[in-house]
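Protein chains: 2
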Amino acid sequence: MRIPPNMALWKTVGNGTLEGISRVADLDASKLTITLSKTLKPIPHHETMMFGNIMSDHMLVAEFDPEIGWSSPEIKPRGPLSIDPASSCVQYGTTVFEGMKAYIGPDGEPRLFRPDMNMARLARSAERMALPPFNTDQVLALIKQLIIVDRRWIPLFSGYSLYVRPTITGTQIGFSVGASDHATLCIMLSPGGPYFRSNAKPTSVLAVSETVRAWPGGTGGHKVALNYSAGFLPLRAAQKQGYDQVLWLLGDDMKVTEAGAMNVFVVVARDDGDIDLLTPPLDGTILPGVTRDSVLALAKAHTAGETTLPGLEIQNSQRVRLHAQERSFTMAEMVQWSTEGKILEAFGAGTAVVIASIGKIGWKGEDLDLPVHEGGLGPIAKALRTRILDIQEGREIWKNWSILVTDL
Amino acid sequence: MRIPPNMALWKTVGNGTLEGISRVADLDASKLTITLSKTLKPIPHHETMMFGNIMSDHMLVAEFDPEIGWSSPEIKPRGPLSIDPASSCVQYGTTVFEGMKAYIGPDGEPRLFRPDMNMARLARSAERMALPPFNTDQVLALIKQLIIVDRRWIPLFSGYSLYVRPTITGTQIGFSVGASDHATLCIMLSPGGPYFRSNAKPTSVLAVSETVRAWPGGTGGHKVALNYSAGFLPLRAAQKQGYDQVLWLLGDDMKVTEAGAMNVFVVVARDDGDIDLLTPPLDGTILPGVTRDSVLALAKAHTAGETTLPGLEIQNSQRVRLHAQERSFTMAEMVQWSTEGKILEAFGAGTAVVIASIGKIGWKGEDLDLPVHEGGLGPIAKALRTRILDIQEGREIWKNWSILVTDL
Numbered sequence: 002m003r004i005p006p007n008m009a010l011w012k013t014v015g016n017g018t019l020e021g022i023s024r025v026a027d028l029d030a031s032k033l034t035i036t037l038s039k040t041l042k043p044i045p046h047h048e049t050m051m052f053g054n055i056m057s058d059h060m061l062v063a064e065f066d067p068e069i070g071w072s073s074p075e076i077k078p079r080g081p082l083s084i085d086p087a088s089s090c091v092q093y094g095t096t097v098f099e100g101m102k103a104y105i106g107p108d109g110e111p112r113l114f115r116p117d118m119n120m121a122r123l124a125r126s127a128e129r130m131a132l133p134p135f136n137t138d139q140v141l142a143l144i145k146q147l148i149i150v151d152r153r154w155i156p157l158f159s160g161y162s163l164y165v166r167p168t169i170t171g172t173q174i175g176f177s178v179g180a181s182d183h184a185t186l187c188i189m190l191s192p193g194g195p196y197f198r199s200n201a202k203p204t205s206v207l208a209v210s211e212t213v214r215a216w217p218g219g220t221g222g223h224k225v226a227l228n229y230s231a232g233f234l235p236l237r238a239a240q241k242q243g244y245d246q247v248l249w250l251l252g253d254d255m256k257v258t259e260a261g262a263m264n265v266f267v268v269v270a271r272d273d274g275d276i277d278l279l280t281p282p283l284d285g286t287i288l289p290g291v292t293r294d295s296v297l298a299l300a301k302a303h304t305a306g307e308t309t310l311p312g313l314e315i316q317n318s319q320r321v322r323l324h325a326q327e328r329s330f331t332m333a334e335m336v337q338w339s340t341e342g343k344i345l346e347a348f349g350a351g352t353a354v355v356i357a358s359i360g361k362i363g364w365k366g367e368d369l370d371l372p373v374h375e376g377g378l379g380p381i382a383k384a385l386r387t388r389i390l391d392i393q394e395g396r397e398i399w400k401n402w403s404i405l406v407t408d409l
Numbered sequence: 002m003r004i005p006p007n008m009a010l011w012k013t014v015g016n017g018t019l020e021g022i023s024r025v026a027d028l029d030a031s032k033l034t035i036t037l038s039k040t041l042k043p044i045p046h047h048e049t050m051m052f053g054n055i056m057s058d059h060m061l062v063a064e065f066d067p068e069i070g071w072s073s074p075e076i077k078p079r080g081p082l083s084i085d086p087a088s089s090c091v092q093y094g095t096t097v098f099e100g101m102k103a104y105i106g107p108d109g110e111p112r113l114f115r116p117d118m119n120m121a122r123l124a125r126s127a128e129r130m131a132l133p134p135f136n137t138d139q140v141l142a143l144i145k146q147l148i149i150v151d152r153r154w155i156p157l158f159s160g161y162s163l164y165v166r167p168t169i170t171g172t173q174i175g176f177s178v179g180a181s182d183h184a185t186l187c188i189m190l191s192p193g194g195p196y197f198r199s200n201a202k203p204t205s206v207l208a209v210s211e212t213v214r215a216w217p218g219g220t221g222g223h224k225v226a227l228n229y230s231a232g233f234l235p236l237r238a239a240q241k242q243g244y245d246q247v248l249w250l251l252g253d254d255m256k257v258t259e260a261g262a263m264n265v266f267v268v269v270a271r272d273d274g275d276i277d278l279l280t281p282p283l284d285g286t287i288l289p290g291v292t293r294d295s296v297l298a299l300a301k302a303h304t305a306g307e308t309t310l311p312g313l314e315i316q317n318s319q320r321v322r323l324h325a326q327e328r329s330f331t332m333a334e335m336v337q338w339s340t341e342g343k344i345l346e347a348f349g350a351g352t353a354v355v356i357a358s359i360g361k362i363g364w365k366g367e368d369l370d371l372p373v374h375e376g377g378l379g380p381i382a383k384a385l386r387t388r389i390l391d392i393q394e395g396r397e398i399w400k401n402w403s404i405l406v407t408d409l
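Order-wise, the sequence lines are chains H and Z. Taken in order, the first sequence gives residues 2 to 409; the numbers are from our numbering. Taken in order, the second sequence gives residues 2 to 409; the numbers are from our numbering.
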């Protein structure tokens with residue numbers, strides 16, 4: 002039997018029970034309706050834009066009902082939703098989300114960076130939270146439509162962009178502990194600059210082991226709301242001590258994991274004159290970051306001679322050889338490398354921060370000081386940041402990483 | 002300087018930073034306003050009440066703003082709230098809550114069970130989620146007021162009650178990863194019966210170690226939203242295999258922790274003829290349940306001769322001696338005790354379930370069958386459940402555990 006194109010086979014997700022197969026509507030971008038705001042907000046000066054505090058004029062909303070499927074998506078003026086305080090998202094934190102950025106290229110056209118990776122991760126996150134499924138191609142099409150509607154909100158300054166936050170949240174009403182079979186997709190846009198206010202100054206992190214961000218068998222490898230809020234109290238304590246972020250450790254051996262808002266990289270000098278670029282592996286406790294993946298891929302491409310990262314052309318009459326590796330390392334190793342003068346750089350990578358230098362790690366009441374570089378970033382971090390921004394902002398083509406928003 | 006009674010010294014919680022002391026309004030039950038619903042809903046037959054799916058007519062709402070403090074609380078018709086989809090609770094799951102129950106005593110008056118324990122836990126949970134502080138006496142006073150308004154919703158049948166769900170959730174708007182300095186208190190009421198539909202039939206649990214509910218350094222010892230949603234997918238998988246709940250294990254040695262909706266107890270025969278009543282200790286991975294605490298206290302009081310639990314008067318010409326102990330035990334121990342015929346009973350304890358017999362533990366593809374007792378509950382579980390319900394429903398006085406709602 003042929004299924005109409007806007008219908009799909011879903012497993013209806015009952016309250017904790019798979020209740021068989023029914024035929025309900027899939028998310029369908031062709032059914033989008035647009036209700037424009039009657040008054041458009043003035044766009045603040047870009048230097049006043051802190052991360053995630055200014056919202057564009059519109060948002061996109063679609064709702065999933067297990068009997069009906071996904072509603073026709075709607076772009077409408079941004080504002081509060083009518084949400085029951087007994088709903089799953091408020092009571093049990095059943096939210097998954099993504100962080101993406103839109104940029105204006107030299108051709109004046111809006112672009113997105115590797116959105117396929119975000120869409121795949123969003124689908125995995127939703128499955129992990131037992132939320133209803135959806136067609137990720139349709140989500141991406143809707144994101145593009147929303148960006149087109151609000152494209153005047155994309156800042157034109159390098160390092161600035163329009164942050165895109167697709168959110169899917171459980172809206173089943175009731176206190177029973179189990180999966181939500183109702184959900185709301187909400188896509189919001191927020192113009193902004195660097196995550197850390199002073200990008201020239203290296204960030205400082207406090208290494209924390211008493212509280213943990215994620216653990217084996219947990220949700221650290223997914224982009225789910227619940228990975229974040231447990232870190233707010235330790236973050237506040239760290240900020241009170243003068244650090245920007247928490248560096249989350251794990252296990253008796255104090256493995257370095259990530260910093261919550263960013264994946265962590267360390268650049269270590271090898272005895273053979275080459276350079277190791279290390280980041281913890283995706284063992285389920287680490288967010289599989291898009292920027293993390295891009296850093297690894299670009300470093301490998303550089304070393305393979307497929308491209309040359311800016312500033313890393315020739316040093317000491319030979320090409321800088323970067324060995325990008327996903328492997329665990331501990332705070333003890335960090336201290337040892339630091340003592341031996343082998344740590345050349347440390348930096349965080351993430352959609353919000355892009356690449357942010359780490360200048361200091363608080364640890365056991367002392368500070369592990371890392372090399373300081375003029376302008377904040379060391380040569381490796383700078384090369385990667387420059388190249389990633391060049392690709393993101395459409396000045397450089399690399400594989401199919403940057404796509405045109407207007408390609409619907 | 003004297004501070005007016007309705008003002009308090011708060012540390013204003015900025016976005017991740019303590020910004021010093023300011024003077025804002027505390028939660029104040031004396032400022033309560035009540036707007037009654039124009040039409041009251043019919044109360045469904047009590048046998049149709051599943052846990053948490055029916056709501057009473059009203060709810061209580063108060064809001065915290067860091068510049069103003071807590072708003073005047075309001076009782077109003079229950080329904081959706083206006084919640085920004087960019088707010089902390091939706092984006093980062095910053096909700097804490099409590100589960101309590103109201104009963105009608107033989108005197109016709111509504112009662113609560115040990116609400117001081119819930120209030121203390123609510124304050125600890127809010128602190129852990131970096132939410133604004135509040136006066137717990139005022140929260141309890143507001144809970145009482147709401148119960149009085151909706152007292153017709155308290156079922157009159159033993160084992161049934163009015164479930165009380167105080168919720169505090171972060172309502173700061175923005176995507177920055179950090180503490181919410183805005184919050185909403187919402188108290189809701191839901192009449193219901195036993196959490197598991199058939200209380201006479203023992204519940205079955207599937208022991209799970211691949212996914213983990215809580216971890217040392219995590220939030221398992223607090224009543225926070227994020228402890229629950231990560232368990233929805235494993236719960237659905239367990240229910241698909243025919244089990245009612247997940248039994249969460251932890252660590253390489255597969256320690257038994259809890260079942261998510263309930264704490265776990267096992268009754269083990271000792272070589273000296275006495276009985277061990279074991280439950281895992283509060284090491285930060287276990288919810289400090291009010292029913293758990295009550296079970297331990299009543300068992301100790303029984304063995305100390307301060308009271309005699311019903312049905313445990315005299316057996317084999319001596320009093321049943323229960324040794325209530327908080328200590329870790331593993332699945333291997335459970336299997337060994339079971340093989341040796343030493344497990345007399347296993348049960349879960351929690352506000353929602355009260356005491357629920359566990360008849361089967363799925364483990365490594367097999368079932369560990371536990372003793373089956375007529376009517377579902379073994380003699381120890383039955384004694385505890387009977388006594389706890391007698392106290393909760395006001396038929397028996399024990400310490401100050403049951404309090405009158407009308408004592409404002």
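A virtual CB, placed ideally from N, CA and C, is assigned to each residue, including glycine. Computed from a predicted structure; not experimentally measured.
On the CB-based measure, 16 or more other CB atoms within 10 Å of its CB, does residue i come out buried or exposed?
i, result
"Z:N119", "buried"
"Z:T49", "exposed"
"H:S126", "buried"
"H:I188", "buried"
"Z:A63", "buried"
"H:Q410", "Since the first residue shown for chain H is 2 and the last is 409, residue 410 of chain H is missing from the structure and cannot be characterised."
Quick one: is residue i near chain H, going by C-beta distance under 7 Å?
i, result
"Z:R413", "Any property of residue 413 of chain Z remains undetermined from this structure, which presents chain Z solely from 2 to 409."
"Z:I287", "no"
"Z:D85", "yes"
"Z:I22", "Model confidence at Z:I22 stands at a pLDDT of 47, short of 50, so the residue's coordinates are unreliable and nothing is read from them."
"Z:W249", "no"
"Z:T407", "no"
"Z:M2", "The pLDDT assigned to Z:M2 is 33, lower than 50, so where the model puts this residue is not dependable; a value taken from the coordinates is nonetheless given after this. So, not an interface residue."
"Z:P6", "Because the pLDDT at Z:P6 is just 39, under 50, the model does not fix this residue reliably, and the value given afterwards should be weighed accordingly. Not an interface residue."
Return no unless some Cβ of chain Z is closer than 7 Å to the Cβ of residue i.
i, result
"H:Y244", "no"
"H:N54", "yes"
"H:A205", "For clarity, residue 205 of chain H is Ser in the given sequence; the question names Ala instead. By this cut-off, H:S205 is not an interface position."
"H:G17", "Caution is warranted here: a pLDDT of 33 is assigned to H:G17, below 50, making its placement in the model unreliable, and the coordinate value is therefore given only provisionally. True, the Cβ-Cβ gap to chain Z drops below 7 Å."
"H:R166", "yes"
"H:V97", "no"
"H:W268", "Correcting the residue identity first, residue 268 of chain H is Val in this sequence and not Trp. Cβ-Cβ to chain Z under 7 Å: no for H:V268."
"H:G179", "yes"
"H:W402", "no"
"H:M189", "yes"
"H:M130", "yes"
"H:Y229", "yes"
"H:A226", "yes"
"H:V354", "no"
Round the Cβ separation of residue i and residue j to the nearest angstrom and send it over; I've been treating them as touching at under 8 Å.
i, j, result
"Z:L163", "Z:P192", "5 Å"
"Z:T292", "Z:A350", "4 Å"
"H:R237", "Z:A131", "6 Å"
"Z:L278", "Z:L323", "5 Å"
Could you check if residue i belongs to the surroundings of the ligand MG, using beta carbon to heavy atom distance under 6 Å?
i, result
"Z:L28", "Of ligands this structure carries none, so the ligand MG is not represented either."
Open item on the list: If we require 4 or more residues per run, which alpha helix (DSSP H) segments fall completely within the stretch 134-217 of chain H?
Closed with: 137-150
Open item on the list: Extract the residue ranges of the alpha helix (DSSP H) inside the stretch 268-321 of chain Z, only unbroken runs of 4 or more that lie entirely within it.
Closed with: 291-304
- [ ] Specify whether the stretch 83-98 of chain H and the stretch 369-376 of chain H touch according to this definition: at least 3 beta carbon pairs, one from each stretch, less than 8 Å apart.
- [x] no
- [ ] List in chain order: all unbroken beta strand (DSSP E) runs of 3+ residues lying wholly within the stretch 341-404 of chain H.
- [x] 344-351, 355-364, 367-370
Open item on the list: Does the contact criterion of 3 or more C-beta pairs under 8 Å hold for the stretch 327-342 of chain H versus the stretch 275-289 of chain H?
Closed with: yes
Open item on the list: Does the structure place the stretch 258-272 of chain H close enough to the stretch 214-223 of chain Z that three or more beta carbon pairs sit under 8 Å?
Closed with: no
- [ ] Could you tell me whether the stretch 86-106 of chain H touches the stretch 30-46 of chain H, using the rule of 3 or more Cβ pairs below 8 Å?
- [x] no
- [ ] Answer yes if the stretch 332-344 of chain Z comes into contact with the stretch 168-184 of chain Z, meaning at least three C-beta pairs across the two stretches below 8 Å, and no otherwise.
- [x] no
- [ ] Report the residue ranges of all beta strand (DSSP E) runs contained in full by the stretch 36-117 of chain Z; include only those spanning at least 3 residues, in chain order.
- [x] 59-66, 75-78, 82-84, 96-98, 101-105, 111-114
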